[in-house]
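Numbering (our numbering), first residue to last: 6 to 373. We put the CB at the ideal spot given by N, CA and C, even for glycine. All figures in this text were calculated on a predicted structure; none of them were measured in a lab.
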C-alpha cells in the first residue's frame, strides 16, 4: 500500500513539493488581508501537513532558505507556520542534518531574539502602526504594515527551537554556539512597558509577558547545566531586578502566566539567592506572589514554596521586620487546610528551624 510520501514523491525530484516550494519562494512579503497573502497562508498550511509525512532531509535542506526568508520578512502568522515547519522537519531529520543547516538555524534564532527589543519599542513605545520616514522603500512599508498586526506569539516557536538547539530534548547534542544568545536573552528581560502602554495594547502585552516568560524559562534550563550556569551567575543581579519588575507588572488576574513564572522564580531564587535579598519586601508578601488569585490552590502552593525556600536560605540575614513577615507567612501555611499536607509539613519544619536560629540572636524578634 502506497504511503503519502510515495504519492507525493512519485515524480522525479518530488515534483509536488518542488512546485509548492517554488510558489513559496517566488511570492513577496504580503499584508495579512491581501489576496496573495491569504493564498500563501493556505499553501503554507498545506505544506506543513505534507511535510509531516513526506519531507526528506535533502528536501528540507533545499527549502530552508525559503523558510528563513518567510520567518524574517513575512507577516507573523506566516512566519509562525514557517517556524513550525522548520521545527517539525528539523526534529525528524536532526541526526542527519548538514552542519551548515545548524549554523543557519543558530543565526535565525539569534536574529529573532535581537528583534525582540525593536518589536517592543515599536509596539509599546509608539503605536507601531506607522511606517517610518519618507525615505523608506515600498518593501519596508509593507513590512511595517504587516508588523502592525504582529503580537509576540512567534517567540513560542523560537523558544521550542532554542531548547532543541541547546540539547534539552533527550538524546540531542547542544549546538556549539547556542550559549552566545544568553546575553541577548538577559537584555530582552530589561524591557517593561509603562502602565499606559500595557492598557492601550492589553492583548499584545499578555503576548509580550508570555514571550518574556519563555526567556526566563531558557535561563531556568541553562541554570541546570553545570557548563553554562556561570554565564547566568554573572548576570544574576540584573536577572533578579528584572524578574521582580516582571512579577509586579504581571496582571493579578492572569493566573496561568503567574503560575508558570512563580515556578521559574523559585528555581532562580535557589540558584542565586543573594541578589534577591534586596527584594524581600516583595518575595515575603504572600499577596504580591499570588495576585488576585488567592482562591487558586496551585498559586498558593507555588507562593508557599518560594517563601519556604527563602526561609531556608536567608534566615540568618533577615532584619526583625522581615523575620516577623516570615513567621506570619509560615503560620498562614500551617493554618491553610486547602494546601497540600507536604507543604504544611515543610512549613512546620521550617518554622522549627527558623525559630531555633533567630532565638540565638541578640536582637531576637518577639514571638508574642
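Within a Cβ cutoff of 8 Å, which residues of the same chain sit near residue i, ignoring the five residues on either side of it in sequence?
| i | result |
| --- | --- |
| residue 190 | 118, 220, 223 and 224 |
| residue 208 | 156 |
| residue 322 | 282 |
Excluding the five sequence neighbours on either side, which residues of its own chain have a C-beta within less than 6 Å of the C-beta of residue i, listed in chain order?
| i | result |
| --- | --- |
| residue 68 | 26 |
| residue 257 | 296 and 297 |
| residue 301 | 260 |
| residue 332 | none |
| residue 215 | none |
| residue 287 | 249 and 293 |
Report the three-state DSSP secondary structure of residue i (helix, strand or coil).
| i | result |
| --- | --- |
| residue 259 | coil |
| residue 350 | helix |
| residue 156 | coil |
| residue 75 | helix |
| residue 198 | coil |
| residue 323 | coil |
| residue 83 | helix |
| residue 301 | coil |
| residue 218 | helix |
| residue 337 | helix |
| residue 127 | helix |
| residue 289 | coil |
| residue 26 | helix |
| residue 284 | helix |
| residue 344 | coil |
| residue 230 | coil |
| residue 314 | helix |
| residue 182 | coil |
Going along the chain, which residues of its own chain have a beta-carbon closer than 7 Å to the beta-carbon of residue i, five neighbours each way excluded?
| i | result |
| --- | --- |
| residue 218 | 262, 265 and 266 |
| residue 355 | 313, 316, 317 and 335 |
| residue 327 | 285 and 289 |
| residue 84 | 75, 76 and 159 |
| residue 330 | 289 |
| residue 113 | 73 and 76 |
| residue 195 | 247 |
How big is the Cα-Cα spacing for residue i and residue j?
| i | j | result |
| --- | --- | --- |
| residue 351 | residue 204 | 40 Å |
| residue 306 | residue 294 | 11 Å |
| residue 49 | residue 87 | 7 Å |
| residue 348 | residue 278 | 21 Å |
| residue 4 | residue 304 | No information on residue 4 is available, as it lies outside the stretch 6 to 373 that the chain covers here. |
| residue 163 | residue 43 | 23 Å |
| residue 107 | residue 324 | 51 Å |
| residue 247 | residue 340 | 33 Å |
| residue 96 | residue 281 | 38 Å |
| residue 111 | residue 168 | 12 Å |
| residue 346 | residue 276 | 26 Å |
| residue 344 | residue 255 | 23 Å |
| residue 121 | residue 353 | 44 Å |
| residue 109 | residue 165 | 16 Å |
| residue 46 | residue 342 | 52 Å |
| residue 291 | residue 51 | 49 Å |
| residue 210 | residue 242 | 25 Å |
| residue 182 | residue 357 | 47 Å |
| residue 82 | residue 319 | 47 Å |
| residue 272 | residue 251 | 16 Å |
Can you have a look at residue i and say buried or exposed, based on whether 16 or more other CB atoms are within 10 angstroms of its CB?
| i | result |
| --- | --- |
| residue 89 | buried |
| residue 229 | exposed |
| residue 128 | buried |
| residue 138 | Reliability fails at residue 138, whose pLDDT of 34 lies under 50, so the model's placement of it is uncertain and the value that follows must be treated cautiously. Flag for residue 138 reads exposed. |
| residue 274 | buried |
| residue 309 | buried |
| residue 359 | buried |
| residue 201 | exposed |
| residue 124 | buried |
| residue 237 | buried |
Give me the residue from the options with the minimum Cα distance to residue i.
| i | options | result |
| --- | --- | --- |
| residue 105 | 78, 122, 63 and 123 | 63 |
| residue 172 | 210, 195 and 227 | 227 |
| residue 78 | 108, 235 and 116 | 116 |
| residue 416 | 206, 357, 193 and 24 | Past the edges of the chain, shown from 6 to 373, lies residue 416, and the structure says nothing about it. |
| residue 311 | 324, 338, 236 and 122 | 338 |
| residue 270 | 245, 291 and 283 | 245 |
| residue 187 | 283, 170, 200 and 342 | 170 |
| residue 184 | 235, 202, 353 and 197 | 235 |
| residue 71 | 47, 23 and 54 | 23 |
| residue 53 | 91, 82 and 125 | 91 |
| residue 126 | 109, 198 and 272 | 198 |
| residue 130 | 206, 82, 182 and 161 | 206 |
| residue 212 | 243, 161 and 182 | 161 |
Using a Cβ-Cβ distance under 8 Å, would residue i count as near chain B?
| i | result |
| --- | --- |
| residue 74 | In summary, chain B is missing from the structure at hand, where a single protein chain is found. |
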